[in-house]
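For the protein sequence lines, the chains are F and P, in the order given. Take the first sequence: its letters are residues 807 to 1056, numbered as in the numbering used here. Take the second sequence: its letters are residues 474 to 539, numbered as in the numbering used here.
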Amino acid sequence: MLTESEMLRYSRHLLLEDVGELGQKDLKNGKVLIIGMGGLGSPAAMYLAGAGVGSLVLCDFDCLEVSNLQRQIGYQTGDIGGDKVELMKHRLEMINPEIRVRSINQEMAEDQLLMELMMVNLVLDCTDNMASRQMINAACVKAKVPLIVGAAIRLEGQLMFFDHRQADSACYHCLFPNSDEQALNCSNSGVLGPVVGTIGTMQALEAIKHLVGLPSGVKNKLKLFDGKTLDWQTFAVKKDSECSVCGKNR
Amino acid sequence: MNIFVNEQALEVAPDCNIEELLEVLDKPLQGTAVAVNQNILSRSLWGDYFLQEGDQISLFQAIAGG
């Protein structure tokens, strides 16, 4: 049952046929790990907190820098120098005191990540580097936890959703094997705030839909967002049977 | 034979596979993803897929930023 204050807080969800009281309870029971509290993680975490996702685990190990504020909308100038996860935890608790927020203020090794994955139903990859992305993907494949991946640089965004509970799901490594060397990031390429914000927002949207049981438009798909034309391109991603992470040779 | 690469028309030799196409275009093999007619083609199949007349090829890089 939702409490009276929850009924009031989530009244705009309760009006939706696709959410309603049952969906809101699903959100309340949702446990989501968000890795990376930058330009993707800021809107993703704030929307999920606002939506009433009952348990959020935030992971990052960076301190806030002035150059983050152009796009990382969860923070303020007075926050510079603070730990991002602690700042965001406070921010989310201010948005919605009805949820539980836990922070992990360090870079997780694979064994710690696997432990954390036992306690969540969904992971959002909001990181800024290829090594973390490959590691998170491999751990989610191993733990069979659904993974929503966002990425952005310049005026381009990428969004994909791999439901690792399904044996025939593709994975991030099927799409981008051996990509460590070439990967572009915000520090070496630049990025517009609303572009990374759009992708983080889409991760939150897909997360909410997943938790309330709505079908996803991006499972086993890659969506490319072009911030110049506002066009989205969609590509089907099939499991690569030769994939060293999820295929037969793992 | 005519194909499209990122929406630009391109003439290629017959019996050209994806690996050869990337060499012709001087694109790095690492970190590049390839889609043929909106379907991602796994890296392990690049040598096996021979381009067909009118194929829409999309090439893009993995991006890591966030």
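A virtual CB, placed ideally from N, CA and C, is assigned to each residue, including glycine.
Here residue 954 (chain F) is bridged, per DSSP, to F:930, F:967. Put simply, the stretch 837 to 846 of chain F touches the stretch 992 to 1005 of chain F. At least three CB pairs are less than 8 Å apart. Chain F has no Cβ within less than 8 Å of the Cβ of residue 520 (chain P). For residue 1044 (chain F), a Cβ of chain P is located within less than 8 Å of the residue's own Cβ. Using a Cβ-Cβ distance cut-off of 8 Å, the stretch 958 to 974 of chain F and the stretch 807 to 815 of chain F are not in contact, since fewer than three pairs of beta carbons, one from each stretch, lie closer than that value. Taking one beta carbon from each stretch, the stretch 495 to 504 of chain P and the stretch 1036 to 1055 of chain F have fewer than 3 pairs nearer than 8 Å; the two do not touch.
Close partners of residue 935 (chain F) in chain P (Cβ separation under 8 Å): 537. Within chain P, the residues 535, 536, 537, 538, 539 have their CB atoms less than 9 Å from the CB of residue 957 (chain F), given in chain order.
Cβ contact annotation for residue 895 (chain F) (same chain, cutoff 7 Å, sequence separation greater than five): 864, 907, 909, in chain order. Under the 10 Å beta carbon count, residue 993 (chain F) is surrounded by fewer than 16 other beta carbons and is classified as exposed. Using a 10 angstroms sphere on the CB of residue 1024 (chain F), the tally of other CB atoms reaches 16 or more, which defines it as buried.
At a Cβ-Cβ threshold of 8 Å, residue 890 (chain F) and residue 860 (chain F) do not count as neighbours.
The C-beta of residue 981 (chain F) comes closer than 8 Å to at least one C-beta of chain P. For residue 507 (chain P), the enclosing beta strand (DSSP E) starts and ends at 505 to 509.
Here residue 930 (chain F) is near residue 954 (chain F), since their CB atoms are less than 8 Å apart. Put simply, the backbone Cα of residue 520 (chain P) is about 49 Å away from that of residue 892 (chain F).
Flagged as an interface residue toward chain F: residue 512 (chain P), by a C-beta distance shorter than 8 Å. With contacts defined as CB atoms closer than 8 Å, residue 1030 (chain F) and residue 533 (chain P) qualify as a contacting pair.
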